[in-house]
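Numbering (the numbering used here), first residue to last: 535 to 619.
The beta-carbon is built from N, C-alpha and C at its ideal position, and this holds for glycine as well.
Shown next, in structure tokens, is the structure this report addresses.
Written out as structure tokens, the structure reads:
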């Protein structure tokens, strides 16, 4: 097999044991027992976080009728029927 670097995605850190200096990782970690592993955040996660910071998701609008009516406006005729059911 030889000495080769491998990058594995979608691994999760389940637990950190500070006393014994261990990480509990969920998923298949390549390499021999006792070998060194480098854990770092993914490039994709950094990009997603940056995109969310620059343009957060818009607040969801009402399912029917689009934007909510301003305060004090008269309700629509169909809205009264929906509330009675």
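Check: C-alpha distance - residue 548 paired with residue 556, whole-angstrom precision; Outcome: 11 Å
Check: Under 7 Å between C-beta atoms of residue 540 and residue 575; Outcome: no
Check: Residue 546 beta carbon less than 7 Å from that of residue 560; Outcome: yes
Check: Alpha carbon of residue 543 to alpha carbon of residue 587, nearest angstrom; Outcome: 23 Å
Check: Nearest candidate by alpha-carbon position, reference residue 538, set 566, 584, 551; Outcome: 566
Check: Opposing strand residues paired with residue 631 [DSSP bridges]; Outcome: The structure shown does not extend to residue 631, since the chain is modelled only from 535 to 619, so the question has no answer here.
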